[in-house]
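Written below as structure tokens is the structure these notes are about.
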Amino acid sequence: MRHIAVVEDEADLAENCRAALMRQGFGVSVYADRPSALAAFKQRLPDLAIIDVGLGAEYEGGFDLCRELRSLSPAVPIIFLTARDSDFDVVSGLRLGADDYLTKDISQPHMLARVNALFRRVDALANASQASGEQMQRGELLLDMDRMCARWQEVPLDLTVTELWILQALAKHPGHVKSRQQLMDAANVVLDDNTITSHIKRLRKKFIAVDPAFDCIKTAYGMGYRWDT
Amino acid sequence: MRLRHQLILLAALTLVLPWAALQYISEMQSTLRDGQLRAMTASARAVAKLLASDGEYLALTSRHLAPAGSQPLYAHPLPAAPIVDGYDDEWRYYPFSPRTLGKPDASVQGTVQLAEFGSQLYGFVRVTDRDVHYHNPALDAVASGDHLVMRTRNVRGEQHQYFISASAPGRAQVYRWAGQQVQLEHRIVAHWQERVGGYQLEFQLPVAMAQEGLSVTVVSQSPGAAVVRLSSSANAIALPPVMRQHPDLNGLLAVFAEADQRWMVLSPQRWLLADAGSFAGQPSDYPAPAAMPYAWLWRILLARPVLPQWRDLAVAGFLPATDTAQQQWYYTRDTWVAQVRLPIYAGNDIAGYVVLEQSAQAQDEGTQQALWRLLLYSLLTVLVLGFGLLGYASWLSWRVRRLARAAEQALGERGVVSHDLPDNTRADELGDLSRSFSRVLQRLGDYTDYLQTLSSKLSHELRTPLAVVKSSLDNVKSELPSAAESPNLAIYHQRAQAGADRLSGILNAMSAATHLEASLAQADKEWVAVDDLLTDLVRAYSDSFGRKISLHIEDSAGYQMLLAPELLVQMLDKLVENAVDFCPASGCILLTLGRSEHHVILQVSNDGSLLPEAMQHQLFDSLVSIRPRTAQSSSHLGLGLHIVRLIVDFHNGRVSAANRADGSGVVFTVRLPITDA
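In the order they appear, the protein sequences are chains X and L. What the first sequence shows, in our numbering, is residues 2 to 230, in sequence order. What the second sequence shows, in our numbering, is residues 6 to 682, in sequence order.
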């Protein structure tokens with residue numbers, strides 16, 4: 002049984018989360034603050050951690066906890082679940098090594114989908130030898146949705162689950178314009194337009210970091226984005 | 006009344022200054038005049054004393070004592086000898102008035118004028134007599150008709166009587182009785198001429214013949230009528246001497262006469278005996294005196310008391326007994342003339358009078374100069390003060406207006422409150438006003454800032470409880486018995502879920518502006534062909550809104566601009582969404598792209614309801630919505646146009662909203678500055 006740690010100071014939310022996860026057959030531990038969570042992590046690493054950024058009196062306790070957890074284990078998937086939705090917070094969270102950054106109004110099915118996706122990625126990494134199932138090749142892009150990973154020119158890209166889903170939605174039908182709403186649906190999120198724009202921007206940057214000549218994600222003004230090869 | 010006008014009015018108060026100075030000059034003038042009178046009295050008194058102790062003078066005046074009751078004739082000095090011809094050519098122009106004989110209403114009247122030139126006496130007699138009778142030598146040897154009787158006493162004291170008569174106009178005969186005989190007198194020349202209603206007689210005789218006494222009697226006799234006698238001095242009384250000026254005395258007086266002084270000596274009976282000097286401005290009969298410049302102004306400015314008119318004593322030859330004032334001011338034309346009369350006492354008797362006349366012209370000139378200078382200075386003062394006050398007023402009202410304008414614009418149409426007002430470092434009241442304005446504006450600004458961040462704060466705070474609600478609903482859903490078993494529960498859950506979703510949508514919209522502000526910081530500008538972009542966009546909009554949206558591009562000469570296309574699109578999204586919402590289904594929406602010299606002008610206009618006037622400036626503020634509250638307006642928080650403004654501001658442009666001139670709809674105009682490539 003996979004074990005998920007939920008670090009959340011809002012007791013009701015934590016319990017709801019625990020209930021939803023347990024219904025899925027996960028073992029769940031709930032911690033209300035950073036020290037207790039850290040103490041538990043040192044005893045035993047969870048298989049996945051869902052962390053709130055603001056923890057009680059510690060305004061950025063979640064970030065600190067994420068950093069400490071990363072130092073304990075570089076592989077444990079970490080999801081930030083927070084009320085803070087500014088770009089700055091998102092970027093800070095992801096830079097600390099979180100696998101995804103979600104705002105609290107995400108629905109449970111969406112969250113569970115993400116948790117499952119992350120576990121899938123962990124499994125795939127663990128069984129590297131296993132033959133890949135669902136793979137998608139678009140020019141120099143290689144998408145493996147089972148392993149939840151993407152490669153550009155054979156170089157692995159470090160994408161969050163949300164980004165991966167967006168990329169998948171775009172690349173599935175090259176040349177087709179995907180509206181923001183379609184991208185949100187594909188990424189299992191409900192966001193405002195600006196956040197989608199930021200996601201696309203980050204996605205482009207990650208490609209450009211690998212290949213400065215990257216120019217496949219096109220903006221169709223007024224409609225959305227499309228993948229051009 | 007504006008501040009400036011008030012201060013100008015205030016400046017008019019400085020006109021009191023010249024008025025006060027005028028009063029001062031006026032008083033100074035009257036003091037000066039009193040002083041002048043005192044000085045004149047003093048010198049007249051000195052001269053009177055001097056004359057009283059002068060034997061020669063006393064002898065002279067005693068000789069001129071006319072017997073009581075007698076009426077002496079006065080011989081006026083002449084500038085030239087008249088021609089003795091019986092005509093009044095010269096006499097008519099002499100300034101002195103004639104002596105009247107007889108009563109004014111009598112049938113026979115006469116006038117006598119006596120004058121002196123050299124050692125000759127000249128006389129002119131004018132007789133009004135309707136019935137003139139000439140001398141008929143057959144009837145009487147001396148005078149049978151109208152004639153003149155002249156009684157004289159010569160220097161030796163001998164008294165004579167002469168009869169002057171004429172048989173016809175022309176030279177008249179002069180007879181005198183010598184013993185029992187009639188003798189022609191050749192030393193006396195007389196001419197007789199007729200005139201309308203009478204006759205006139207001009208005569209000449211040596212002074213010596215009549216110096217000690219002279220009287221003239223007009224005799225009018227006609228046959229059968231009573232003889233009428235008109236005499237210059239009653240015959241029953243001793244003959245009065247001829248009153249005349251004496252050269253000796255004139256010489257004596259001339260010693261005292263300084264410039265601007267006229268000295269006169271009167272006999273005890275007030276006959277003019279000597280006359281020397283003249284005062285400035287004394288009217289002479291020949292050249293008209295030049296009027297002082299701007300005398301009228303002088304008269305207006307300085308009070309002019311009512312004074313009697315000056316009369317030349319020399320014209321009458323005597324001072325009327327009614328005139329008893331010792332000192333008096335007179336006017337002659339515009340000049341003031343002071344006259345001082347002092348008696349000359351010889352013992353207890355009055356041996357004559359000294360009269361001194363002097364004009365105030367010298368002083369007046371001084372005063373007038375002072376007045377001119379005063380007027381000049383006060384005018385300068387008034388001007389300087391006036392301009393100073395005007396300038397100060399302008400400056401003050403400029404400051405007030407600037408402050409008012411700044412205060413008005415502080416809460417500008419951009420909704421940004423600037424609390425930096427002019428003059429707030431000054432120490433005066435306007436500075437205080439500016440500072441208190443600043444404080445108020447600062448508070449207002451804080452409040453506005455708070456309002457602007459309210460939505461994002463609110464959305465942040467609401468998100469956690471909403472998350473609790475949503476996750477609870479999700480849990481409820483997973484553990485809900487199947488819909489078939491409990492349909493009501495499923496419906497309730499569905500409604501709760503929909504409400505929570507809507508809440509979350511609202512929260513997302515509320516934080517959109519904040520997200521945008523954050524993303525502005527890292528927005529990248531690139532070169533974009535705005536016309537191509539618009540063409541694509543309008544096609545996309547037409548599809549997605551399912552209605553025709555037209556685009557008009559003026560002058561398709563390239564619209565390459567450096568801007569953030571994502572943001573521009575977002576801005577257009579909001580504007581077009583807004584237009585679609587307000588435009589009725591049958592109306593049209595038009596996008597226009599044009600350019601002015603420095604701007605690219607993008608307009609989104611739509612048919613439909615107009616903007617309320619009052620809201621036009623606040624339209625682009627956060628949380629301002631003018632949408633009517635209807636059922637379908639789900640979540641319009643008034644953030645859309647706020648986002649538009651944020652984006653336009655990011656591009657250093659301006660956005661404005663206005664109603665179409667013809668009232669058919671609304672135009673939103675975005676002006677973006679053209680940046681050089």
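We treat Cβ as the ideally placed atom computed from N, Cα and C, and that holds for glycine.
One or two residues paired with residue i in a DSSP bridge
{"i": "E531 of chain L", "result": "L:L568"}
{"i": "A21 of chain X", "result": "According to DSSP, which records beta bridges pairwise, A21 of chain X is partnered with nothing at all."}
{"i": "Q331 of chain L", "result": "Paired residue(s): none; Q331 of chain L is not in a bridge."}
{"i": "Q166 of chain L", "result": "L:R156"}
{"i": "R227 of chain X", "result": "X:V178, X:K219"}
{"i": "D101 of chain X", "result": "X:I80"}
{"i": "I205 of chain L", "result": "According to the sequence as given, residue 205 of chain L is Gln; it is not Ile. DSSP lists L:R131, L:Q198 as partners of Q205 of chain L."}
Three-state secondary structure assigned by DSSP to residue i
{"i": "N611 of chain L", "result": "strand"}
{"i": "S639 of chain L", "result": "Caution is warranted here: a pLDDT of 49 is assigned to S639 of chain L, below 50, making its placement in the model unreliable, and no coordinate value can be reported."}
{"i": "A15 of chain X", "result": "helix"}
{"i": "M137 of chain X", "result": "strand"}
{"i": "T116 of chain L", "result": "strand"}
{"i": "S283 of chain L", "result": "coil"}
{"i": "N189 of chain X", "result": "coil"}
{"i": "Y350 of chain L", "result": "strand"}
{"i": "E190 of chain L", "result": "coil"}
{"i": "L449 of chain L", "result": "helix"}
Interface flag, residue i vs chain L, CB-CB below 8 Å
{"i": "N17 of chain X", "result": "yes"}
{"i": "K105 of chain X", "result": "yes"}
{"i": "S87 of chain X", "result": "yes"}
{"i": "E11 of chain X", "result": "yes"}
{"i": "G35 of chain X", "result": "Checking the sequence shown, residue 35 of chain X turns out to be Arg, not Gly. Not an interface residue."}
{"i": "M2 of chain X", "result": "no"}
Below-8 Å beta-carbon distance, residue i vs any chain X residue
{"i": "V675 of chain L", "result": "no"}
{"i": "A517 of chain L", "result": "yes"}
{"i": "N480 of chain L", "result": "yes"}
{"i": "A636 of chain L", "result": "Its pLDDT being 44, under 50, A636 of chain L is placed unreliably in this model, and the value from its coordinates should be taken loosely. It does not; no Cβ of chain X falls within 8 Å."}
{"i": "E602 of chain L", "result": "no"}
{"i": "Y546 of chain L", "result": "yes"}
{"i": "R468 of chain L", "result": "yes"}
{"i": "L435 of chain L", "result": "no"}
{"i": "D454 of chain L", "result": "no"}
{"i": "H557 of chain L", "result": "no"}
{"i": "H520 of chain L", "result": "yes"}
{"i": "A523 of chain L", "result": "yes"}
Check: residue i C-beta below 7 Å from any heavy atom of the ligand MN
{"i": "G391 of chain L", "result": "The ligand MN is absent from the structure shown, which contains no ligand whatsoever."}
Proximity below 8 Å, CB of residue i to CB of residue j
{"i": "M149 of chain X", "j": "L165 of chain X", "result": "yes"}
{"i": "M45 of chain L", "j": "L361 of chain L", "result": "yes"}
{"i": "L168 of chain X", "j": "L204 of chain X", "result": "yes"}
{"i": "Q543 of chain L", "j": "Y564 of chain L", "result": "At residue 543 of chain L the sequence reads Val, which differs from the Gln that was named. No, these two residues do not count as a Cβ contact at 8 Å."}
{"i": "N159 of chain L", "j": "A215 of chain L", "result": "yes"}
{"i": "R468 of chain L", "j": "T196 of chain X", "result": "no"}
{"i": "L66 of chain X", "j": "V77 of chain X", "result": "no"}
{"i": "I51 of chain X", "j": "L97 of chain X", "result": "no"}
{"i": "L347 of chain L", "j": "Y358 of chain L", "result": "yes"}
{"i": "A5 of chain X", "j": "L56 of chain X", "result": "The question names Ala, but residue 5 of chain X is Ile in the sequence shown. Contact: no."}
{"i": "Q34 of chain L", "j": "Q363 of chain L", "result": "no"}
Spatial neighbours of residue i in its chain, beta-carbon cut-off 7 Å, leaving aside the 5 residues before and after
{"i": "A636 of chain L", "result": "Its pLDDT being 44, under 50, A636 of chain L is placed unreliably in this model, and the coordinates cannot settle the point."}
{"i": "S669 of chain L", "result": "D612"}
{"i": "P292 of chain L", "result": "Note on P292 of chain L: pLDDT 46, under 50, position unreliable in the model; the coordinate value appears next. If we look at P292 of chain L and ignore the five residues flanking it on each side, it has no Cβ neighbours."}
{"i": "D506 of chain L", "result": "none"}
Residues near residue i in its chain [Cβ-Cβ closer than 8 Å; skip 5 each side]
{"i": "L254 of chain L", "result": "Y62, L65, V270, L278, A279"}
{"i": "G396 of chain L", "result": "none"}
{"i": "Q125 of chain L", "result": "A86, Q209, L210, P211, V212"}
{"i": "R38 of chain L", "result": "W334, W341, A343, A365, Q368"}
{"i": "L538 of chain L", "result": "P570, L573, V574"}
Neighbourhood of residue i by C-beta distance below 6 Å, restricted to the same chain and skipping five residues each side
{"i": "L521 of chain L", "result": "I648, L651"}
{"i": "M23 of chain X", "result": "V29"}
{"i": "A53 of chain L", "result": "L347, I349, V359"}
Relative to chain B, which residues along the stretch 567-599 of chain L have a C-beta separation below 8 Å, given in chain order? The chain inventory of the structure shown lacks chain B, comprising the protein chains X and L.
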